[in-house]
Amino acid sequence: MRCDEGGAEKSNASEVADCVQQLAVYAAWHAANLRSFLWSSADRDKQRAEALALQLEGLMPAAEAQTIKALAFRAAWFTANQRRFNFADAAEDQRAVEFYAELLASLTNPELAKNIKSLSLNASWHAANTRSMLWRDAREDACRFERDCSKLATLLRPQPGRQQQPENEDGEESEGFRTPRETEEATPTSLRRCNSVLDEIVLAWQAVKVSDGSTEASSFLSAASVTVMVFDVFGKLLQGFQADMRKNIEMVRQHVEGEMSLEKLIDDEAKAAGSHAKALREGNASMGLLWLSRSLRLLQTMLAKLDAGQFVSEVSLETLPCEDLTPKVSLDLLPYEDLTPKDHGCFVVRSDGSQRQRDCEWECAALLAAPSRTEFLAKVGGFGGDASGDGLELEQAAAAATAKVTELLEAFTPPLSQVCTYLRSRGIEKP
Numbered sequence: 001m002r003c004d005e006g007g008a009e010k011s012n013a014s015e016v017a018d019c020v021q022q023l024a025v026y027a028a029w030h031a032a033n034l035r036s037f038l039w040s041s042a043d044r045d046k047q048r049a050e051a052l053a054l055q056l057e058g059l060m061p062a063a064e065a066q067t068i069k070a071l072a073f074r075a076a077w078f079t080a081n082q083r084r085f086n087f088a089d090a091a092e093d094q095r096a097v098e099f100y101a102e103l104l105a106s107l108t109n110p111e112l113a114k115n116i117k118s119l120s121l122n123a124s125w126h127a128a129n130t131r132s133m134l135w136r137d138a139r140e141d142a143c144r145f146e147r148d149c150s151k152l153a154t155l156l157r158p159q160p161g162r163q164q165q166p167e168n169e170d171g172e173e174s175e176g177f178r179t180p181r182e183t184e185e186a187t188p189t190s191l192r193r194c195n196s197v198l199d200e201i202v203l204a205w206q207a208v209k210v211s212d213g214s215t216e217a218s219s220f221l222s223a224a225s226v227t228v229m230v231f232d233v234f235g236k237l238l239q240g241f242q243a244d245m246r247k248n249i250e251m252v253r254q255h256v257e258g259e260m261s262l263e264k265l266i267d268d269e270a271k272a273a274g275s276h277a278k279a280l281r282e283g284n285a286s287m288g289l290l291w292l293s294r295s296l297r298l299l300q301t302m303l304a305k306l307d308a309g310q311f312v313s314e315v316s317l318e319t320l321p322c323e324d325l326t327p328k329v330s331l332d333l334l335p336y337e338d339l340t341p342k343d344h345g346c347f348v349v350r351s352d353g354s355q356r357q358r359d360c361e362w363e364c365a366a367l368l369a370a371p372s373r374t375e376f377l378a379k380v381g382g383f384g385g386d387a388s389g390d391g392l393e394l395e396q397a398a399a400a401a402t403a404k405v406t407e408l409l410e411a412f413t414p415p416l417s418q419v420c421t422y423l424r425s426r427g428i429e430k431p
């Protein structure tokens with residue numbers, strides 16, 4: 001089926017168009033999720049993209065379908081690598097996008113190939129920007145994707161004498177290799193996944209299967225993986241903390257088989273080792289779950305204080321060489337009182353009797369780098385610190401996000417509390 005020799009039959013042109021659109025979206029989310037360490041989500045997206053590619057081969061010549069698949073995946077990796085600063089890989093992927101676009105043009109026609117290339121890149125930028133919490137850019141990408149989708153079925157059914165329309169309403173081309181421009185703010189339903197990081201985390205914790213004394217391992221670990229994204233708001237400041245969480249998630253995940261519970265996993269490990277204490281060593285699920293639960297407890301307390309409207313309003317440590325600091329979502333919100341340097345080595349803590357002080361320079365840098373409470377809530381709430389597209393001012397956006405924090409705590413607390421109670425009952429965690 002060569003589109004320049006008659007194109008897709010009218011009976012299946014819409015089906016082909018829908019398949020191409022979905023393939024681009026799932027390929028985009030596969031790469032974006034993998035670069036965000038969301039392995040379970042990435043695997044599901046890849047499986048769906050592969051299934052759509054097979055479906056596409058049944059609707060059009062295999063060479064064309066395989067080229068479209070390759071174009072979609074290389075576009076996805078280009079944007080995902082670009083957003084994660086893997087510039088060498090991104091440059092290679094960009095060259096591959098051009099190669100497959102030219103190949104598709106030779107197999108079909110230049111106008112159709114140009115549309116599918118643009119569609120794939122805009123879907124990919126949307127996923128990559130969403131994962132980077134660049135909400136406004138993501139909305140603009142979604143609008144460009146929608147415009148491309150509206151033209152695709154028509155391009156698959158070329159009409160004699162049809163006048164070629166410009167790629168954009170303003171006559172400019174949108175190739176995907178661009179700096180985002182202003183556009184209308186409507187978000188197409190075909191690209192909508194979750195409206196914010198908080199939305200996605202809430203859904204993940206609501207999906208955790210919990211029964212009396214049993215917490216499903218795979219869904220708990222998937223929810224924990226998504227939760228790590230909250231710390232992206234702090235930029236490089238908490239990259240070490242994020243890396244520790246992901247390491248601990250993977251330490252547990254590698255021992256999980258099927259739909260087993262965390263409790264059974266740890267008990268079986270202790271039985272093989274001789275006791276829970278003997279099983280508590282590096283590389284074992286027991287150690288990974290202990291560290292992971294502590295990290296999640298830190299986050300739980302921070303969110304609870306945010307929900308209650310608490311944040312650092314002044315610096316009380318006299319040794320800090322900083323003045324006039326604005327209210328911050330500081331790491332002082334986190335409950336380090338119960339943890340020692342051995343508990344979490346990435347935080348330097350000094351004790352002087354009952355008086356606790358942190359490394360002054362580190363604390364000063366943390367306070368300066370941390371976003372304000374309002375900015376933090378607006379960004380994780382999906383407004384990106386720029387709420388103009390939603391008709392909300394920054395304070396209103398933060399207020400809306402606060403309600404989502406409350407919802408997250410309601411979903412987050414029961415499974416975490418059950419796991420922590422279990423760890424204490426086995427002597428793995430201190431009372």
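Residue numbers (full-length UniProt numbering): 1 to 431.
Where is the CB? At the ideal position from N, CA and C, for every residue including glycine.
In this structure, E263 lies away from N284, with their beta-carbon atoms at least 8 Å apart. The segment 269–283 makes no contact with the segment 201–214, as fewer than three CB pairs between them are under 8 Å. Under the three-pair Cβ rule at 8 Å, the segment 17–24 counts as touching the segment 136–153. Residue state for T154 is assigned as helix, using DSSP reduced to three classes.
Taking a C-beta distance under 8 Å as the contact criterion, A72 and A27 qualify as a contact pair.
Per the Cβ contact rule, the segment 136–148 is not in contact with the segment 41–55 (fewer than 3 Cβ pairs under 8 Å). In this structure, DSSP gives E15 a helical state, which the three-state scheme calls helix. The beta carbon of W291 sits closer than 6 Å to those of N248, all from its chain and outside the five residues before and after it, given in chain order. Under the DSSP assignment, M245 falls in the alpha helix (DSSP H) whose first and last residues are 239–253. In terms of Cα proximity to K114, the closest of A101, E250, D89 is A101. The shortest C-alpha to C-alpha distance from M133 to any of L289, A80, A91 is the one to A80. Between F85 and S124, the CB-CB gap reaches or exceeds 8 Å. With a cutoff of 8 Å on beta-carbon distance, P415 and F220 are scored as near each other. At the C-beta level, V230 and V197 come within 8 Å of one another.
Taking a contact as a CB-CB distance under 8 Å, the pair A217 and S261 counts as one, their CB atoms being some 6 Å apart. Excluding the 5 residues flanking it on each side, L23 has same chain C-beta neighbours closer than 8 Å at A49, L52, A53, L56, I68, K69, A72, in chain order. Counting other Cβ atoms within 10 Å of its Cβ, K117 reaches 16 or more and is therefore classed as buried. When S106, A32, S36, T108 are compared, the shortest CA-CA separation from A76 is found for A32. In the DSSP assignment, F85 falls outside any alpha helix (DSSP H), carrying neither H nor E. Assigned with DSSP and collapsed to three states, T374 falls in helix.
Judged by DSSP in its simplified three-state form, V210 adopts strand.
In this structure, F376 sits away from Q300, with a CB-CB distance that is not shorter than 8 Å.
Taken atom to atom, the span from the alpha-carbon of A105 to that of A243 is near 43 Å.
Spanning the alpha carbons of A42 and D307 requires a straight line of approximately 31 Å. Its Cα nearest to that of A401, the residue L303 stands out among I428, L303, V228.
Counted as a single uninterrupted DSSP element, the alpha helix (DSSP H) harbouring I116 occupies residues 110–131. In the assembly as shown, E200 is a buried residue. Its beta-carbon has 16 or more other beta-carbons within 10 Å.
At least 8 Å separates the beta-carbon of S293 from that of L408.
Taken atom to atom, the span from the alpha-carbon of V256 to that of R426 is near 19 Å. Annotation: L238 to L112 spans about 44 Å, alpha carbon to alpha carbon. Classified as exposed, S417 has fewer than 16 neighbouring CB atoms from the shown chains inside 10 Å of its CB. With contacts defined as CB atoms closer than 8 Å, S36 and R136 fail to qualify as a contacting pair.
Partner residues in the beta bridge of S261, as assigned by DSSP, are E216. T421 and A398 do not touch by the CB rule: their CB atoms are close to 33 Å apart, not below 8 Å. Inclusion of V252 and L38 in the CB contact set at 8 Å is not warranted, their separation being larger than that value.
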